[in-house]
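Take a look at the structure set out below.
Number of protein chains: 2
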Amino acid sequence: MSAPIAPFPQVDHQRAVFPDGLALDCGMTIAPLAVAYRTYGRLNAARSNAVLICHALTGDQYVAETHPLTGRAGWWENIVGPGRPLDTDRYFLICANVLGGCMGSTGPREEKTDAAGRGLGRPWGTDFPNVTIRDMVRAQKRLAEHLGIERLLGVVGGSMGGMQVLEWAATYPDAVFAAAPIATAAHHSAQNIAFHEVGRAAIHSDPDWRGGRYWEDGRVPAKGLSVARMVAHITYLSEQALTRKFGRRLRGAAALTFLEDVFEVESYLRYQGSTFVRRFDANSYLTITRAMDYFDLAAEHGGDLAAAFRGTKTRFFVSSFSSDWLFPTAESRALVRALNAAAANVSFVEIESDKGHDAFLLEEPDFHRALGGFLAGCADRLGV
Amino acid sequence: MSAPIAPFPQVDHQRAVFPDGLALDCGMTIAPLAVAYRTYGRLNAARSNAVLICHALTGDQYVAETHPLTGRAGWWENIVGPGRPLDTDRYFLICANVLGGCMGSTGPREEKTDAAGRGLGRPWGTDFPNVTIRDMVRAQKRLAEHLGIERLLGVVGGSMGGMQVLEWAATYPDAVFAAAPIATAAHHSAQNIAFHEVGRAAIHSDPDWRGGRYWEDGRVPAKGLSVARMVAHITYLSEQALTRKFGRRLRGAAALTFLEDVFEVESYLRYQGSTFVRRFDANSYLTITRAMDYFDLAAEHGGDLAAAFRGTKTRFFVSSFSSDWLFPTAESRALVRALNAAAANVSFVEIESDKGHDAFLLEEPDFHRALGGFLAGCADRLGV
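Line order of the protein sequences matches chains A and B.
For the first sequence, position 77 matches number 77 in full-length UniProt numbering, and the numbering has no gaps at all.
For the second sequence, position 301 matches number 301 in full-length UniProt numbering, and the numbering has no gaps at all.
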């Protein structure tokens with residue numbers, strides 16, 4: 001298998017490799033398939049306590065430990081651990097880097113292979129096929145089987161992670177006892193696609209992107225990827241959150257001089273952009289945003305979202321946040337209506353929060369209690 | 001005065017030139033001052049029927065006639081004309097390109113001058129000073145005086161145009177009989193600043209911007225400016241409008257293939273970006289977005305918005321659109337509360353519309369009736 005390309009620090013990710021590869025929705029088979037992952041807690045003897053965590057667009061498998069590139073805490077460390085909602089004393093937690101990602105799973109940064117699975121000595125780059133959320137889920141299913149798990153106690157995730165949760169429940173209903181799609185939707189909206197397209201246009205516009213072949217001169221399209229991150233970051237926060245955090249405060253000045261004034265919100269966004277490019281691959285960003293844009297679970301089932309869940313025995317816990325305008329509550333309600341139409345076992349909560357889409361990653365005690373309670377109830381029922 | 005720089009077609013704009021120039025909020029004086037403008041209708045003998053229209057960020061003075069660069073209809077042609085809300089049989093309408101703009105008024109594209117007003121043979125570019133909404137209004141006041149108008153029957157404008165309306169009423173209360181700030185706010189919010197900063201970062205990231213000196217090689221930072229336009233354009237529309245116009249429809253394909261699929265909303269945005277760069281100057285975009293970000297009318301009056309309007313005799317008509325998330329109704333309500341606290345004569349209407357911020361430019365009969373009625377009532381009262 002491949003080494004990461006030059007501009008990224010080498011990380012020895014834990015991973016499972018499947019030589020026979022994976023058949024993708026686009027018709028191509030990619031082989032071998034590598035799935036990088038992390039686990040927390042212990043799998044019980046009955047193999048009945050596994051909970052799969054699905055990460056969002058720019059997340060990765062380092063859920064609850066120091067990130068190997070940034071040195072920062074895991075992205076869901078606030079809810080993963082002994083006695084926490086994702087209780088490592090009770091559950092065996094798994095998180096895999098998505099197919100198309102850049103933290104060790106097969107993706108644009110990894111070595112390109114030919115149809116026979118032989119390495120070609122260069123990264124995939126933009127030759128990497130377009131993947132779908134369902135392709136990502138198929139790769140995770142291979143990992144679960146590799147770990148000896150036939151049925152997951154739970155599948156949990158927010159945003160793009162929630163899309164994966166829904167795809168898991170629709171594609172492998174017997175393998176999912178409990179599903180918690182958080183701050184998500186059954187399809188990507190026109191506005192969501194539009195924001196993604198701005199990010200892609202920014203990357204494409206960066207001459208350092210070089211048509212996706214930036215590894216050839218050891219540079220990365222840092223400016224374009226940074227702009228993509230900046231616009232995405234705004235969509236993750238509510239107007240209220242931005243106002244509370246920054247308002248119209250100036251950096252290093254008390255009042256406007258109309259000369260070199262910089263608002264705090266500007267320098268914050270620039271910082272978000274500049275740190276992102278040190279940990280994320282631009283071609284991965286293109287691949288994963290495309291996968292999200294493609295996602296339309298109803299379309300996969302003849303235009304009928306309820307058909308995706310017909311006959312399901314999975315228990316669903318749907319949650320949204322009141323100030324999330326990227327995946328607004330209306331999308332969760334549409335999902336709940338479809339689950340009801342499929343006579344599924346579903347509960348729904350809209351959490352009052354002014355933190356926007358990112359609320360699912362932040363301190364929201366009501367949300368944490370609800371999610372933890374749902375999982376614990378399901379575990380009780382399974383005798384875990 | 002200057003000639004436009006190479007990449008733009010030369011247009012012989014109608015303009016007034018003030019050799020003594022204009023003192024700016026930043027402390028600098030810019031001389032000479034040129035104000036490009038268009039008028040519609042006839043000034044009456046009493047000079048009492050003049051209505052100033054203030055354009056938005058990317059608008060210009062070609063309100064109700066074919067645009068000299070794009071060949072398209074004027075941006076408010078739907079409400080300007082005989083018998084229309086901005087009735088050219090009754091009013092003398094004036095619209096000036098804003099200071100800092102790129103359609104003939106003094107701005108980054110025009111020839112740089114020294115302190116004595118002598119041309120330096122090169123454009124201002126990024127040497128152009130940071131201007132404010134108040135500076136723009138001061139330039140318009142000079143134009144009004146030049147046209148022999150002491151008091152305007154009305155000042156009307158949406159978005160950044162609405163900011164100018166508010167600044168007119170606050171700075172020259174005796175010169176404004178009626179003020180109609182539309183889809184606007186008394187300050188730019190953190191989220192608004194954040195979106196602008198993304199656009200600026202995209203322009204700054206384009207190597208063709210060359211630190212603002214792009215005229216030197218006859219190129220323009222088309223990719224960066226295009227990305228800036230794309231992200232801004234999303235903020236001008238509501239999610240509902242994007243869904244209604246485009247949904248998840250594909251360009252030239254019935255169903256996703258996960259190969260070369262392009263969503264219609266993507267190609268629309270790309271088109272918006274690519275056409276914008278043929279008519280707008282990148283350095284102007286930087287200058288004008290900054291001016292909007294600076295705008296904070298309360299801060300200009302000791303932190304008290306009501307103080308901006310204390311003792312005013314101006315009649316106000318404040319309007320907003322229910323699906324406008326860039327300048328939401330809450331901002332107009334805050335403005336109305338301040339006007340009420342100043343005991344001003346104010347009426348307010350929130351127009352039900354799912355078209356987003358751009359609704360003020362579109363077919364909204366309720367809005368047109370309300371605006372037209374307000375202006376006509378004020379004209380009646382003045383005996384116009």
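Glycine included, every Cβ here is placed at the ideal spot set by N, Cα and C.
Residues of its chain near residue i, where Cβ-Cβ distance is below 7 Å and the 5 sequence neighbours each way are ignored
i	result
G377 of chain B	none
C102 of chain B	R109, F280, D281 and S284
R229 of chain A	Q272, G273 and F276
G148 of chain A	R47
A253 of chain A	D261
I5 of chain B	In this prediction, I5 of chain B scores a pLDDT of 44, lower than 50, which makes its location untrustworthy; the coordinate-derived value is nonetheless stated afterwards. Answer for I5 of chain B: R109, P123 and W215, listed in chain order.
G212 of chain A	G125, T126 and N283
T39 of chain B	F92, L93 and I94
G286 of chain B	One detail in the question is off: residue 286 of chain B reads as Leu in this sequence, not Gly. Cβ within range, chain order: R200 and I203.
D354 of chain B	S238, Q240, A241 and S323
D25 of chain A	T132, R134 and D135
R290 of chain B	N130
D358 of chain A	Y236 and L237
Residue i beta carbon near the ligand NAD (any heavy atom closer than 8 Å)
i	result
R42 of chain A	In the structure on display, the ligand NAD does not appear, and there are no ligands present to speak of.
Closer than 7 Å at the beta carbon, the chain A residues around residue i
i	result
T243 of chain B	S189 and A190
G130 of chain B	Position check: residue 130 of chain B holds Asn in this sequence, whereas Gly was assumed. Simply F258 and L259.
S205 of chain B	D206, K223, G224 and V227
D25 of chain B	F258
R248 of chain B	H187, A190 and D296
Chain-ordered chain B contacts of residue i [CB-CB under 8 Å]
i	result
Y294 of chain A	L256, F258 and D261
I234 of chain A	Q191, A194, F195 and V198
A202 of chain A	A202, S205 and V227
Beta-carbon neighbours of residue i, restricted to chain A and to distances below 9 Å
i	result
F317 of chain B	The contacting residues do not exist; F317 of chain B stays about 25 Å from chain A at best.
Cβ neighbours of residue i in the same chain (closer than 8 Å, five flanking residues each side left out)
i	result
A343 of chain A	none
G372 of chain B	I79, R84, P85, L86 and D87
V29 of chain B	The identity of residue 29 of chain B in the sequence shown is Thr, whereas the question assumes Val. Contacts found: G21, L22, A23 and A115.
Chain-ordered chain A contacts of residue i [CB-CB under 8 Å]
i	result
E266 of chain B	I193, A194 and E197
A170 of chain B	The premise fails here: A170 of chain B is roughly 16 Å from chain A at the closest Cβ pair, so nothing lies under 8 Å.
7 Å Cβ cut-off: residues of chain B touching residue i
i	result
residue 446 of chain A	For chain A, the structure presents residues 1 to 384; residue 446 of chain A sits outside this window and is missing.
V231 of chain A	V198 and V231
Alpha helix (DSSP H) segment containing residue i, residue limits
i	result
V265 of chain B	E264 to F276
T243 of chain B	E239 to K245
Other residues of its chain near residue i: CB distance less than 6 Å, five sequence neighbours each side excluded
i	result
P19 of chain A	P32
S2 of chain B	Since pLDDT at S2 of chain B reaches only 36, below the 50 mark, its modelled position is unreliable, and no value is offered.
F360 of chain B	G158, I182 and A183
D89 of chain B	P82
G41 of chain B	T88, Y91, F92 and L93
N345 of chain B	R315
T70 of chain B	R279
Under 9 Å by beta carbon: chain B residues contacting residue i
i	result
L382 of chain A	Chain B residues near L382 of chain A: none, gap ~36 Å exceeds 9 Å.
R270 of chain A	E197 and A201
Extent of the continuous beta strand (DSSP E) run through residue i
i	result
A194 of chain B	Per DSSP, A194 of chain B belongs to no beta strand (DSSP E); it is in the alpha helix (DSSP H), A190 to S205.
residue 385 of chain A	What is shown of chain A runs 1 to 384, which leaves residue 385 of chain A out entirely.
I234 of chain A	Not the beta strand (DSSP E): I234 of chain A falls in the alpha helix (DSSP H), residues A222 to Y236.
R288 of chain B	In the sequence under discussion, the amino acid at residue 288 of chain B is Ile, which differs from the Arg named in the question. Per DSSP, I288 of chain B belongs to no beta strand (DSSP E); it is in the alpha helix (DSSP H), A282 to Y294.
A96 of chain A	F92 to A96
Neighbour flag for residue i against chain E, beta carbons, 9 Å
i	result
L166 of chain B	In the structure shown, chain E cannot be found, because the protein chains are A and B.
Exercise. Taking contact to mean at least 3 C-beta pairs separated by less than 8 Å, is the segment 307 to 317 of chain B in contact with the segment 215 to 223 of chain B?
Worked result: no
Exercise. Can we say the segment 47 to 61 of chain B touches the segment 90 to 99 of chain B, given the rule of at least three CB pairs closer than 8 Å?
Worked result: yes
Exercise. Considering only residues of the segment 297 to 379 of chain A, which uninterrupted beta strand (DSSP E) runs meet the minimum length of 3 residues and lie entirely inside it, listed in chain order?
Worked result: 315 to 321 and 345 to 351
Exercise. Can we say the segment 184 to 199 of chain B touches the segment 153 to 172 of chain B, given the rule of at least three CB pairs closer than 8 Å?
Worked result: yes
Exercise. Mind pulling the alpha helix (DSSP H) runs of 4 or more residues that sit fully within the segment 121 to 183 of chain A?
Worked result: Segments of the alpha helix (DSSP H) lying fully in the segment 121 to 183 of chain A: 133 to 146 and 160 to 171.
Problem set entry | Touch test, the segment 65 to 76 of chain A against the segment 161 to 176 of chain A, Cβ-Cβ under 8 Å, three pairs minimum | no
Exercise. Taking contact to mean at least 3 C-beta pairs separated by less than 8 Å, is the segment 197 to 207 of chain B in contact with the segment 241 to 250 of chain A?
Worked result: no
Exercise. Which residue spans inside the segment 2 to 72 of chain A form an unbroken beta strand (DSSP E) run of at least 3?
Worked result: Those beta strand (DSSP E) runs which fall completely within the segment 2 to 72 of chain A and span 3+ residues are 15 to 18, 33 to 40 and 50 to 54.
Exercise. Is the number of C-beta pairs between the segment 127 to 144 of chain A and the segment 283 to 301 of chain A that are closer than 8 Å three or more?
Worked result: yes
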